[in-house]
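Here is the structure we will look at, set down as structure tokens.
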Amino acid sequence: MTDLTLPNQAIAGKTAPPGEARALRLPTQWLGVTPFFLFALMFLILPTLYLMLGAFQNDAGEFTLENIFSLFQANILAAYWISIRVSLASSLIGAFAGLAIAIAIVRGGLPNWIRSATLTFSGVASNFAGVPLAFAFIATLGRLGLVTVLLNTLVGLNIYAHGFNLLSFWGLTITYVYFQIPLMVVIIVPAIDGLKKEWGEAAATLGATQAQYWRMVVIPVLWPSFLGTVILLFANAFGAIATAYALTGSSLNIVPILLYAQIRGDVLHNAHLGYAIAFGMIFITGLANIFYIWFRTRSERWLK
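Residue numbers for the sequence shown follow this note's numbering, so the first one is 26 and each next one is one higher.
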């Protein structure tokens, strides 16, 4: 009679069922995103929580609402209002200019190399900010900047004599537009790419004109993406501090500069009030990002 029993070594060497093997396997699929989560935890989540806690504390570490109530002082409200105006103006100008560029390179019949070059430049320029950008605009549109001198020499136009000032509301707005336009191009191009060719053919078959096609099809489809990107550009400008501080110093009363003065200044030093100002910025930018995500979700239903 044949002995069908297996030796103990063979039994011990049997592999576990697939279900047990999966249970014992380490979640290696999460290793790739671990650096991102660590970075977000260390430089976004924990600092945000620290600021939020500090906004509701006094110098003794006790709970207080005094810092929040102090946000309604006239100078702080004025700083928020100027920041909102600068952010809104730069986001609208950047959005419309970027949309025009994106439509031109995607549906304007231009050579492919122009699209590639524009997107490459936009990806770089959208991150060009801070001290280098401020210096570039001072060297270009300052009182002795290249463009200022050329306009005065060639056509006799002194832009500063006509009221322009780089260290003002419109000067800061123009500076912000430099990185707002490329950011708009980078974000809105995929949405324009999502416009299906069949939609235009169907509209033409039904007798629609080009203007009707854009008014009844293209604009309703792109509107959520456009509006969401405008909100994102607003948040992007509202939180910019390095460019504003390097360009205007303390000559323009905007929230990032006021925040810097409260935390690092020698005269207005009040760290916990600075935390409250930062909390207000986080609230506004967070609300803007929530609306951006909502509009983007709506647009993705049509562009899939």
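Backbone N, C-alpha and C define an ideal beta-carbon position, used for all residues, glycine too. Since the model is a prediction, treat every value here as computed from it, not as a measurement.
Measuring CB atoms only, is the segment 299-308 touching the segment 79-98, in the sense that at least three cross pairs come out at less than 8 angstroms? Short answer: they touch.
Per the DSSP calculation, Q82 is bridged to which residue(s)? Locating residue 82 in the sequence shown gives position 57, where the first residue counts as 1. The secondary-structure analysis by DSSP pairs Q82 across a beta bridge with F88.
Using the rule of at least 16 other Cβ atoms within 10 Å of the residue's Cβ for burial, across every protein chain shown, is A236 buried or exposed? If you number the sequence shown from 1, residue 236 lands on position 211. Burial call: exposed.
What whole-angstrom Cβ distance do G119 and L258 have, given they're in contact under 8 angstroms? Counting from 1 along the sequence shown, the entry for residue 119 is found at position 94. Counting from 1 along the sequence shown, the entry for residue 258 is found at position 233. Sure, about 5 angstroms apart at Cβ, within 8 angstroms.
Report the residue from F189, H297, L175, I213 whose alpha carbon sits nearest the alpha carbon of G244. As a position in the sequence shown, residue 244 is number 219, starting the count at 1. First, the amino acid is wrong: residue 244 is Ile here, not Gly. A check of alpha carbon separations from I244 across F189, H297, L175, I213 identifies I213 as the nearest.
Would you check if there are 3 or more beta carbon pairs closer than 8 angstroms linking the segment 151-158 to the segment 262-274? Judged by Cβ distances under 8 angstroms, the segment 151-158 makes contact with the segment 262-274, as three or more pairs qualify.
At what residues does the alpha helix (DSSP H) containing G225 begin and finish? Numbered from its first residue, the sequence shown carries residue 225 at position 200. For G225, the enclosing alpha helix (DSSP H) has its first and last residue at 222-230.
Should Y201 go down as buried or exposed, given a rule of 16 or more other Cβ atoms within 10 Å for buried? What you label residue 201 is simply residue 176 of the sequence shown in a count that begins at 1. In summary, Y201 is buried, with 16 or more beta-carbon neighbours lying within 10 Å of its beta-carbon over all protein chains present.
Does the Cβ of T173 have 16 or more other Cβ atoms within 10 Å, making it buried, or fewer, making it exposed? As a first step, residue 173 must be located in the sequence shown, where it is residue number 148. The residue in question, T173, is buried, as its Cβ has 16 or more Cβ neighbours within 10 Å.
Can you grab the Cα-Cα spacing for the pair A46 / P52, in whole Å? For the purposes of this step, residue 46 is taken as the residue at position 21 of the sequence shown. For the purposes of this step, residue 52 is taken as the residue at position 27 of the sequence shown. A caution first: A46 carries a pLDDT of 48, below 50, which makes its placement in the model too unreliable to give a value.
Less than 6 angstroms between C-beta atoms, sequence neighbours within five positions excluded: which residues of the same chain meet that for P281? Here residue 281 refers to the residue found at position 256 when the sequence shown is read from its first residue. These residues qualify, in order along the chain: I266, A269.
Is it the case that the segment 126-146 contacts the segment 201-211, given that we only count it when at least three CB pairs across the two stretches are under 8 angstroms? At 8 angstroms Cβ cutoff, the stretches touch.
Rounded to whole angstroms, what's the CA-CA distance from G167 to L191? Just pull it up for me. On the sequence shown, residue 167 is found 142 positions in, with the first residue counted as 1. On the sequence shown, residue 191 is found 166 positions in, with the first residue counted as 1. Cα to Cα, G167 sits roughly 6 angstroms from L191.
Buried or exposed (CB count within 10 angstroms, at least 16 for buried), T300: The residue you call residue 300 lines up with position 275 of the sequence shown. The residue asked about is misnamed: residue 300 is Tyr in this sequence, not Thr. Buried, by the Cβ-count rule.
Whose CA, out of E223, T198, H294, I109, lies closest to the CA of I256? Position 231 of the sequence shown holds residue 256. Taking only the C-alpha atoms, the option nearest I256 is I109.
Exposure label - S115; buried when at least 16 CB within 10 Å: For the purposes of this step, residue 115 is identified with residue 90 of the sequence shown, where counting begins at 1. Under this definition S115 is a buried residue.
Threshold first: 4 residues or longer. Then list the alpha helix (DSSP H) segments lying entirely within the segment 106-153, N to C. If you keep only unbroken alpha helix (DSSP H) runs of at least 4 residues inside the segment 106-153, you get 137-150.
To the nearest angstrom, how far is it from the Cα of W195 to the Cα of A227? Walking along the sequence shown from the start, residue 195 turns up at place 170. Walking along the sequence shown from the start, residue 227 turns up at place 202. Approximately 45 angstroms between the Cα atoms of the pair.
Assuming V111 and I279 make a contact with CB atoms under 8 angstroms, what is their CB distance in whole Å? By one-based count along the sequence shown, residue 111 stands at place 86. By one-based count along the sequence shown, residue 279 stands at place 254. Rounded, the Cβ-Cβ distance is 7 angstroms, consistent with contact.
Enumerate in chain order the residues of its own chain whose CB-to-CB distance from D218 is below 8 angstroms, with the five nearest sequence positions on each side excluded. Looking up residue 218 in the sequence shown gives position 193. Counting only Cβ-Cβ distances below 8 angstroms, and skipping sequence neighbours, we find V131.
Less than 8 angstroms between the CB atoms is what I'm expecting for P272 and Q287, so what's the real figure, rounded? To locate residue 272, count along the sequence shown from 1; it is residue 247. To locate residue 287, count along the sequence shown from 1; it is residue 262. One detail in the question is off: residue 272 reads as Leu in this sequence, not Pro. So it is not a contact: roughly 20 angstroms between Cβ atoms.
Under 7 angstroms Cβ to Cβ from A262, same chain only, skipping five residues before and after it: list those, please. Taking the sequence shown and counting its residues from 1, one reaches residue 262 at position 237. So the qualifying residues of the chain are V111, S112, S115, S116, Y201, Q205.
Do R323 and P215 have their C-beta atoms within less than 8 angstroms of each other? Your numbering for residue 323 matches position 298 in the sequence shown. Your numbering for residue 215 matches position 190 in the sequence shown. No Cβ-Cβ contact shorter than 8 angstroms links R323 with P215.
Helix, strand or coil: how does DSSP classify G299 here? As a working note, residue 299 is residue 274 in the sequence shown. In the structure shown, G299 sits in a helix (DSSP, three-state: H, G or I).
Sort A159, L71, Y185 by Cα distance to L169 and report the nearest one. Mapped onto the sequence shown, residue 169 falls at position 144. Per the Cα distances, Y185.
With 16 other Cβ atoms within 10 Å as the buried cut-off, status of V246: As a first step, residue 246 is located in the sequence shown; it is residue number 221 there, counting from the start. The residue in question, V246, is buried, as its Cβ has 16 or more Cβ neighbours within 10 Å.
For A85, is the classification buried or exposed, using 16 other Cβ atoms within 10 angstroms of its Cβ as the cut-off for buried? The sequence position of residue 85 within the sequence shown is 60, counting from 1. In the assembly as shown, A85 is an exposed residue. Its beta-carbon has fewer than 16 other beta-carbons within 10 Å.
For the alpha helix (DSSP H) that L96 lies in, which residues bound it at each end? Counting from one through the sequence shown, the residue named residue 96 turns up at place 71. Taken as a continuous stretch (DSSP letters only), L96 belongs to no alpha helix (DSSP H), as it is neither H nor E.
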